[in-house]
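Peer 1:
Residue numbers (this note's numbering): 73 to 341.
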């Protein structure tokens, strides 16, 4: 990029860095041939989606058996114009993914040479991911009712529970990260004295540490209008700046990217 800018003075490097995202991905996430390594491990005895659902629900209910209420929150995969679309298409390397129907008897496997569908191929199509989250959500609620547990599950744009009407928490937000914020606020308002949050995504913790009341309100308002308002954009953009650079006074992603780029260049020199 810098070489190009030296030979093309008409390119505004500050504008380019500020507008277009640059990212660094740890090498440990990739195999020797450059393919990304995905964590798809599951017990060998799981052969069907029914087995997977049993393992999923038993693990969750055992791990959180001391909780008065358990909330399971999934990402959305039914967003037609998702910001993740370009990333997903890039990972497919031009190959058209296959959509599979998720039922109790759908055959799945970690071994590509078996007759079952390998997990990596199964999860390649966004429609299959959407069906799988719906399937696991349904099974989680079903097992919760059978065991007399208080379970809340949020998937797609829906939110349902085994013990009360939770439709007021239906949300169009795509990421589970922001939905977790909303459910934490709701649980607190419902009288929860202690809340434990478990997530493999570290972005969740950063969001909790940096989000203020204005941000939670803006996140809650997402989906209430056809397009986000300028006020929503401003507050959420400010939060993103705080996530990348705590205590910063910068509120523009464009300015933040330029600052981080200059700082990284100074360190390399």
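Backbone N, C-alpha and C fix where the C-beta goes; we use that ideal spot for every residue, glycine too.
The structure displayed is predicted, hence computed values, not measured ones.
DSSP three-state call for residue 142: helix, strand or coil?
Peer 2: Here residue 142 corresponds to residue number 70 of the chain shown, with the count starting at 1. Of the three classes helix, strand and coil, the one that applies to residue 142 here is strand, per DSSP.
Peer 1: In chain order, what residues of the same chain lie with their CB nearer than 7 Å to the CB of residue 152, ignoring the 5 residues before and after it?
Peer 2: In the chain shown, counting from the first residue as 1, residue 152 sits at position 80. So the list is empty, once near-sequence residues are dropped.
Peer 1: Have a look at residue 205 and residue 227 and give me their C-alpha separation to the nearest angstrom.
Peer 2: By 1-based counting over the chain shown, the position of residue 205 is 133. By 1-based counting over the chain shown, the position of residue 227 is 155. Taking the straight line from one Cα to the other gives about 7 Å.
Peer 1: Taking only the alpha-carbon atoms, compute the straight-line gap between residue 186 and residue 254 and give it to the nearest angstrom.
Peer 2: Numbered from 1 along the chain shown, position 114 holds the residue referred to as residue 186. Numbered from 1 along the chain shown, position 182 holds the residue referred to as residue 254. Low local confidence applies: a pLDDT of 48 at residue 186 is under 50, so the model's placement there is unreliable, with the coordinate-based value given in what follows. Cα to Cα, the separation comes out at about 42 Å.
Peer 1: Please determine if the segment 169-182 and the segment 250-270 are in contact, where contact requires at least 3 C-beta pairs separated by less than 8 Å.
Peer 2: The answer is no - the segment 250-270 does not touch the segment 169-182, with fewer than three Cβ pairs under 8 Å.
Peer 1: Using the beta-carbon count (16 or more within 10 Å), is residue 130 buried or exposed?
Peer 2: The sequence position of residue 130 within the chain shown is 58, counting from 1. With fewer than 16 other Cβ atoms within 10 Å, it is exposed.
Peer 1: Does residue 151 come out as helix, strand or coil in the three-state DSSP assignment?
Peer 2: For the purposes of this step, residue 151 is identified with residue 79 of the chain shown, where counting begins at 1. Three-state result, residue 151: coil.
Peer 1: Give me whichever residues DSSP pairs with residue 230 in a beta bridge.
Peer 2: Counting from one through the chain shown, the residue named residue 230 turns up at place 158. For residue 230, which the question treats as bridged, DSSP gives the partners 227.
Peer 1: How many whole angstroms separate the CB atoms of residue 147 and residue 248, which I take to be in contact at a CB cut-off of 8 Å?
Peer 2: Looking up residue 147 in the chain shown gives position 75. Looking up residue 248 in the chain shown gives position 176. 5 Å between Cβ atoms; contact.
Peer 1: Within the segment 296-339, note down every full alpha helix (DSSP H) run reaching 4 residues or more, in order along the chain.
Peer 2: Counting whole runs of 4 or more residues, the segment 296-339 contains the alpha helix (DSSP H) stretches 302-316.
Peer 1: Look at the Cβ atom of residue 244, then the Cβ atom of residue 202, and state whether they are nearer than 8 Å.
Peer 2: On the chain shown, residue 244 is found 172 positions in, with the first residue counted as 1. On the chain shown, residue 202 is found 130 positions in, with the first residue counted as 1. For residue 244 and residue 202, no; Cβs fall outside 8 Å.
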